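Chains as they are written, first to last, in this note's numbering: chain A, 187 to 882; chain B, 156 to 481. Yeah, the Cβ is synthetic: ideal placement off N, Cα and C, and Gly gets one too. Note that the coordinates shown come from a computational prediction; the quantities given were computed from them, not determined experimentally.
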């Protein structure tokens, strides 16, 4: 063979020689003798080798069952049928092996092979520790696991310490020297997200990415993170470059909720994940990215289903006649059991203390009641019984000093097809004075339907919209220690439906929303001065900036298809910017954490405001003059460019004058008065009557 | 100053045009009868009776002796300005959408709609002598348009080429000696409703449904300026004396009833020609504005709207006093 080959190669080499001389048709592709390929098979046949069967193939489908009863040959058939019954339900068993001892009795362990590794995995998961009878418990393992654990080296090697990766300053945006706030703008269909800094005199774009989110975005409550929604879950972005901070894989998430201190994130996917439909709500630790606990809740209660205490220590939800309070970081039920409360309808945490307010509905002879419960000691602070209650709404004041419960009451009720129908509705406000001994309660009764209610975030006032359509009124009340609420002011006949307090109190925007709405009223509640009445037609959103200096009103693409965009107003209602943006969807101010200044320091600043005022004023003027200078320079440049273009054009135009004259019988029509010969002047007189009517 | 409201049409205005001197204002509407008015006091001088369909386009020659109109009754008619008599009638295969006299007024151009299985086509005709044989006369040049139809037309001031604006937003230049396309540009995304020259004809402004108006160089079709709004623009005109442009438009007529009038934005809007900045708005119409035109002296302007009115506005002194800083 070898000889033959060498002969052949000799021949080839001869051929080659003759080729070189005669240039005949066939070139030679054969390798010269002793040639060794320097390309390995794995490189050449990568795709084919992938399909090459491995020795371990098929092992994944094999399970080892331990703890099987040891039986003699007479009972082996019975054992087999039991085994098939237990393990047959996970998939088709293609092969089975029962090792036998010398006396032909089984050894107590068996091998089963499924048609598919998934079946084997399922069998391991579900049949492991399956009690077949009192003495025998199946221990099921994958065959491959045996191999895996055998190969673990005896000597333990400590894991390599990974180099420390410092993360960027997540709170850089708070260090902005001019306290410019940031805001995010989302446009639908394309889902591009822009992050702007509200610099003066014009905002500056600091980040823009298309397809940053698949639906909408949400800021975390203190503004540290920007959350974006994706098919596979939630992503958080933070730091000066908006780098990805963490990902939370939870398919089809529709709602999320942050805990108040930004420690935890709750995600809710109403359909659950495709391979795990029971995983509907997941609570995550934001800093580690770990899943803390998941729940399968088919709840009709409004989002957020879980409500957090102000310090992230507890969270609760309503179940069937129970209030379940969980504690962190264990994520177990507080005292290992839910609190039984027959007929509980709603609850809310105090924004400053670990107190929950909840109300229970009427039940035959038992009246409805509102209760304040201190946690974790379950101490009932106050309970107030209420009669003829149709519904309650719990409103905590931001500083936790007062609690207002809006009680919808009826004078008559009847049952209709298992549904309660109420008539003769009126409304009560129950004000709980939280900081006083024994928590006294005051009532305010309003005879009209209530459209909206809102506490002043800082301060002691609350506002409400009440009345029927066409005679909508807005009333402001004040609460004081030891006193019943006092009516401060009532605005009558207003076209508004929503209340938006400035985050710092005092100022409020009364807004009319909805398809034909858009009215805006900016009110200073110090003296109840209406600073401006204006509108933004078909407005769907109102957003105060976190410092209470600016207000955004927006017409979202989700609500209206024409004139979408967002407008910026000062807190006095002066229009600052109108940005009309096609397919605009969302504008959101980046929140700020609470101030670190003490109340005394804040007062000090307010007292010296005059001093700062001059500084700010001059700074603003500088910026303004710089901006107008820039604008004028820009215009001058444009004008110069245009003038040059025109000069050139006019020159050419004048060169063609002779041709134009030829076309129009030598009559000059270039200027209106150029052709003096053919013009007749006509004097037209008008009869003008002047009347002066004084207008009152 | 209070505008003069010309109430002579029964349906929406389609086009308005001043004659060269500006003493007369011509208007056409969907009601079949173009009108001519004294621009100074708004008195009606006469009507052009004869069309049996909506009149889409009109033009008057530089001597104000001939008047041309194109209509939905598949005719293009020529008229004697002085008497208002129909002098020529050309039957077409579909609606006549655009028409214009050449600079010398020896020729005229009109274009037909792509409809009733007829292609859009441009016709150049000789209008020097209009007599009984006129309607049988063959056009000097026919340019069939295979692509998007012509929606507006302009004739240069040397009788050498025409510029067409199309349904797709495309603008083309055609050489009249060869009938060939010599230049093309596409800066608009939607139908070009109107094109108007500046005073010397070296630039023109387009008005498009894509919410913008744009200024082009006549020779090169280079884009010079863009004026953005948030509504379709139906017409745009350049002031003959100041660096101003007037835009007319508003929400589309078919959408108007679905919203209140304040959302329609039927104002004439004034932009600075060079800075592209809006500086004034004139209210008045209660439907979209279909046509705007400056008086040749630049001291007044007119607008014709979907509401059927033509409004003649004389500028106040504050308009002439207003200056941009630069």
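Cβ neighbour criterion (16 or more within 10 Å) applied to residue i
i             : result
residue 400/A : exposed
residue 455/B : buried
residue 229/A : exposed
residue 348/B : buried
residue 489/A : exposed
residue 501/A : buried
residue 604/A : exposed
residue 423/A : buried
residue 201/B : exposed
residue 392/B : buried
residue 700/A : exposed
residue 707/A : buried
residue 846/A : buried
residue 312/B : buried
residue 583/A : buried
residue 352/A : exposed
residue 450/B : buried
Minimum Cβ-Cβ distance from residue i to chain E less than 8 Å
i             : result
residue 576/A : Among the chains of the structure shown, chain E does not appear; the protein chains present are A and B.
Residue i (DSSP reduced to helix, strand or coil)
i             : result
residue 480/B : coil
residue 354/A : coil
residue 324/A : coil
residue 401/B : strand
residue 160/B : strand
residue 836/A : helix
residue 227/A : helix
residue 881/A : coil
residue 258/B : coil
residue 193/B : strand
residue 800/A : helix
residue 305/A : helix
residue 814/A : helix
residue 824/A : helix
residue 415/A : strand
residue 780/A : coil
residue 564/A : coil
residue 946/A : The requested residue 946/A is not part of the displayed model; chain A covers only 187 to 882.
residue 583/A : coil
residue 422/A : strand
Per DSSP, cross-strand counterpart(s) of residue i
i             : result
residue 282/A : 298/A
residue 639/A : 650/A
residue 616/A : 591/A, 629/A
residue 718/A : 708/A
residue 504/A : 509/A
residue 477/A : 470/A
residue 149/A : This structure does not reach residue 149/A, given that chain A is present from 187 up to 882, and the question cannot be answered.
residue 297/B : 278/B
residue 578/A : 593/A
Residue range of the beta strand (DSSP E) that includes residue i
i             : result
residue 147/A : Only positions 187 to 882 of chain A appear in this structure, which leaves residue 147/A out of reach.
residue 772/A : 770 to 775
residue 380/A : 378 to 383
N- and C-terminal bounds of the alpha helix (DSSP H) containing residue i
i             : result
residue 330/A : 329 to 336
residue 516/A : It is not in any alpha helix (DSSP H) - residue 516/A carries neither H nor E in the DSSP assignment.
residue 233/A : 232 to 235
residue 269/A : 262 to 273
Given a limit of 7 Å on CB to CB distance, which residues of the segment 423 to 444 of chain B reach chain A? 429, 430
Any residues in the segment 254 to 279 of chain B with a beta carbon nearer than 7 Å to a beta carbon of chain A? Which ones, in chain order? 258, 259
Mind listing which residues of the segment 849 to 861 of chain A have their C-beta closer than 7 Å to chain B's C-betas, in chain order? 849, 850, 855, 858
Please identify, using Cβ separations under 7 Å, the residues of the segment 375 to 401 of chain B that lie next to chain A, in order along the chain. 385
Given a limit of 7 Å on CB to CB distance, which residues of the segment 296 to 316 of chain B reach chain A? 312, 313, 314
Pull out every residue of the segment 738 to 749 of chain A whose Cβ sits closer than 9 Å to any Cβ of chain B, in chain order. 748, 749
With 8 Å as the limit, tell me which residues of the segment 203 to 221 of chain B have their beta carbon closer than that to any beta carbon of chain A; keep them in chain order. 217
Identify each residue in the segment 161 to 191 of chain B for which the Cβ-Cβ distance to at least one residue of chain A is less than 9 Å, and report them in chain order. 175, 176, 177, 178
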